[in-house]
Amino acid sequence: MKMPVMLSLRGQQDYGDQEPEIISLITEGTLEKTEAGWIVSYKESDLTGLDGVTTTFSVEKDMVTLVRTGKLESRMVFQRGVPHESLYQMEFGALMISVCATAISWDITEFGGVIDLCYDIAIEQTAMGVVTYHLDIALSE
């Protein structure tokens, strides 16, 4: 059963010598218990530059999968120390991206929880930098 939740997301992208790009978002979403773990889902907005995209985090024992569907299609798998490649399909073309998680932690119950990710990202085999996500999940009233 999907439960309505409020999500507070903070993401930071560090690309070498550039100033870090930080995004913060508070939005409504859903939380669902599965046999393997949890699914957290929400619709992106103009604030994130991904209007028309649904983002879903699937959380399992030692792995988090981030799937985006809609105007942008991607599937990124995060397992600590294990690189994963995927196609990042946008309206104007596709890019091959590689992610390798350096840290993954999560603590989710039927009352809410948290997901933390830190990973290295490469685009078309060129190292780009480090991305961190912190997602707070709170049950809606």
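Throughout the sequence shown, residue numbering follows my numbering, covering -14 to 126 in sequence. Cβ coordinates follow ideal geometry from the N, Cα and C atoms, glycine included.
Does chain D have any CB closer than 8 Å to the CB of residue i?
| i | result |
| --- | --- |
| residue 84 | In summary, chain D is missing from the structure at hand, where a single protein chain is found. |
Is it buried or exposed, residue i, if we count other Cβ atoms within 10 angstroms and call 16 or more buried?
| i | result |
| --- | --- |
| residue 32 | exposed |
| residue 42 | buried |
| residue 94 | exposed |
| residue 87 | exposed |
| residue 51 | buried |
To the nearest angstrom, how far is the alpha carbon of residue i from that of residue j?
| i | j | result |
| --- | --- | --- |
| residue 58 | residue 75 | 7 Å |
| residue 70 | residue 79 | 13 Å |
| residue 63 | residue 49 | 5 Å |
| residue 68 | residue 105 | 9 Å |
| residue 15 | residue 98 | 12 Å |
| residue 122 | residue -4 | 15 Å |
| residue 11 | residue 111 | 32 Å |
| residue 124 | residue 9 | 19 Å |
| residue -1 | residue 103 | 11 Å |
| residue 82 | residue -10 | 30 Å |
Taking 7 Å as the limit between beta carbons, can you name the residues of its chain near residue i, skipping five residues before and five after?
| i | result |
| --- | --- |
| residue 45 | 21, 22 |
Looking only at its own chain, which residues have a Cβ that is under 6 Å from the Cβ of residue i, when we skip the five neighbours before and after it?
| i | result |
| --- | --- |
| residue 101 | 90, 119 |
| residue 26 | 14, 15, 41 |
List the residues that DSSP assigns as beta-bridge partners of residue i.
| i | result |
| --- | --- |
| residue 75 | 78 |
| residue 95 | Answer is none; residue 95 lacks a bridge partner. |
| residue 48 | 45 |
| residue 123 | -9, 97 |
Look at residue i and residue j and say whether their C-beta atoms are less than 8 Å apart.
| i | j | result |
| --- | --- | --- |
| residue 53 | residue 38 | yes |
| residue 29 | residue -13 | no |
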